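In what follows, a structure is listed as structure tokens, so that the remarks can point back to it.
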Amino acid sequence: MPELPEVEVSRLGITPWLQGQTITNIIVRDVRLRWPVPDTLQQACGRTIQHIRRRAKYLLINVGIGDIVLHLGMSGKLRVIDAQHPPVKHDHVDIVLSNGKCLRYNDPRRFGACLWQPNDVLLPLLSKLGPEPLTSDFTPQRLITLAKGKKSPVKTFIMDNDVVVGVGNIYANEALFMAGIDPRRAAGRVSAKRYQMLTQTIKTVLEKAIAQGGTTLKDFAQSDGSPGYFAQHLRVYGRSGEPCEVCDTEIKSVVIGQRNTFFCPECQR
DNA sequence: ACGTGATCCTGGAAGC
DNA sequence: TGCTTCCAGGATCACG
Numbered sequence: 001m002p003e004l005p006e007v008e009v010s011r012l013g014i015t016p017w018l019q020g021q022t023i024t025n026i027i028v029r030d031v032r033l034r035w036p037v038p039d040t041l042q043q044a045c046g047r048t049i050q051h052i053r054r055r056a057k058y059l060l061i062n063v064g065i066g067d068i069v070l071h072l073g074m075s076g077k078l079r080v081i082d083a084q085h086p087p088v089k090h091d092h093v094d095i096v097l098s099n100g101k102c103l104r105y106n107d108p109r110r111f112g113a114c115l116w117q118p119n120d121v122l123l124p125l126l127s128k129l130g131p132e133p134l135t136s137d138f139t140p141q142r143l144i145t146l147a148k149g150k151k152s153p154v155k156t157f158i159m160d161n162d163v164v165v166g167v168g169n170i171y172a173n174e175a176l177f178m179a180g181i182d183p184r185r186a187a188g189r190v191s192a193k194r195y196q197m198l199t200q201t202i203k204t205v206l207e208k209a210i211a212q213g214g215t216t217l218k219d220f221a222q223s224d225g226s227p228g229y230f231a232q233h234l235r236v237y238g239r240s241g242e243p244c245e246v247c248d249t250e251i252k253s254v255v256i257g258q259r260n261t262f263f264c265p266e267c268q269r
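Count the first sequence with this note's numbering and you get residues 1 to 269, in order.
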């Protein structure tokens, strides 16, 4: 289940293989992703890959006249392999390169996306995103201002892409634990001081995960195809019933906004 | 405007 | 053993 760190690690992994290569063909075996894969994607054929950037959990492969926009959903995997390599189940899209390799997109659950964004048009799904968490645009002041009067839980608040992008369920849980904040607390009832802490723990937990190659549960593979592994130690996520590492209290789980939520009732208030 | 909940999809795990 | 049920997850949309 790729979160921001996994997407960033994928970007770093595929960039050396793609940059400067010309796209010779785009093979779409199944258009049925989150949105149908558009025919306009074929405009990228014959173009040279300039650079690959990341916005939230989207990868944008720039080919001069526009971007191929990829989202890994929750089970999407990217691999760079020989274009001749026989496709397996759920290998939905190949971006074939002039060096005989291809970027192959595999996504069993088809929650991901593969779209085309011309230079002069911003896709709606990219137009309303909040700031990147790892830039200076993401500040405690932003959280403090936007949280004013909000009654919804602080966990829901920091997972809202209008507030800040790229904070998925795993890292929301971990960041709230590190900041000592009860995930159920109303966003408007978290102090300014604690938002300063939370801003920092969000940055820290994401940076650490990127540095360690991304946290992996079961659906992420490195871009070279090596199997995923647990790279980061999670302190609350998935650990209900286990003792808190700090105070030994049993980690609890509750559902917030239809998402499983883990916290230490002693450390997080 | 705000907040909550259903929805999409598949495979792996858990339960019977 | 083999079936059924549940669950995971991001982002959007439909509702109250």
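A virtual CB, placed ideally from N, CA and C, is assigned to each residue, including glycine. Nothing here was measured: the structure is a model prediction, and the numbers come from that model.
N-terminal and C-terminal residue of the beta strand (DSSP E) that residue i is part of
i    : result
K101 : K101 to N106
K252 : K252 to I256
T249 : Segment: none, T249 is in no beta strand (DSSP E) and carries neither H nor E.
L176 : Counting along the chain, L176 falls outside any beta strand (DSSP E), though it belongs to the alpha helix (DSSP H) covering N169 to A179.
A113 : A113 to P118
D162 : Here D162 belongs to no beta strand (DSSP E), and DSSP marks it neither H nor E.
D91  : D91 to L97
T261 : R259 to F263
Buried versus exposed call for residue i [16 or more other C-beta atoms within 10 Å across all chains shown]
i    : result
S271 : Here the chain has residues from 1 to 269 only, and residue 271 is not among them.
F263 : buried
V121 : exposed
I158 : buried
Q117 : buried
E242 : exposed
D137 : exposed
P2   : buried
I65  : exposed
G166 : buried
G238 : exposed
N271 : Lying before the first or after the last residue shown, residue 271 is absent from the chain, which here runs from 1 to 269.
V255 : exposed
A211 : exposed
E235 : What sits at residue 235 in the sequence shown is Arg, not Glu. Buried: at least 16 other Cβ atoms inside 10 Å.
G112 : buried
N276 : Coverage of the chain is limited to positions 1 through 269, which leaves residue 276 absent and any answer about it impossible.
N119 : exposed
Distance between residue j and residue i (C-alpha atoms, nearest Å)
i    : j    : result
L60  : T249 : 44 Å
L134 : E207 : 8 Å
V154 : D39  : 41 Å
C267 : L146 : 25 Å
D30  : K77  : 15 Å
D219 : V246 : Here D219 scores only 43 on pLDDT, less than 50, and its place in the model is too uncertain to base an answer on.
G130 : H51  : 22 Å
L123 : C244 : 43 Å
S253 : Y58  : 30 Å
Q42  : P5   : 29 Å
V9   : V163 : 23 Å
D82  : V93  : 14 Å
V80  : I27  : 14 Å
L12  : R185 : 36 Å
P87  : I68  : 21 Å
K193 : V205 : 19 Å
K101 : G257 : 42 Å
T48  : M178 : 43 Å
D182 : S191 : 12 Å
L18  : V7   : 16 Å
I251 : R54  : 34 Å
P140 : A175 : 14 Å
G213 : T15  : 15 Å
H90  : G168 : 24 Å
Opening and closing residue of the alpha helix (DSSP H) in which residue i lies
i    : result
T199 : A192 to A211
T15  : L4 to L18
R142 : P140 to A147
P124 : P124 to S127
F157 : V154 to I158
Sequence ranges, beta strand (DSSP E) only - wholly within the segment 8-81, length at least 3: 23-28, 51-55, 58-62 and 66-71
Cβ pair count under 8 Å reaching 3, the segment 68-76 against the segment 106-116: yes
Cβ contact check for the segment 20-35 and the segment 197-212: 3 or more pairs under 8 Å: no
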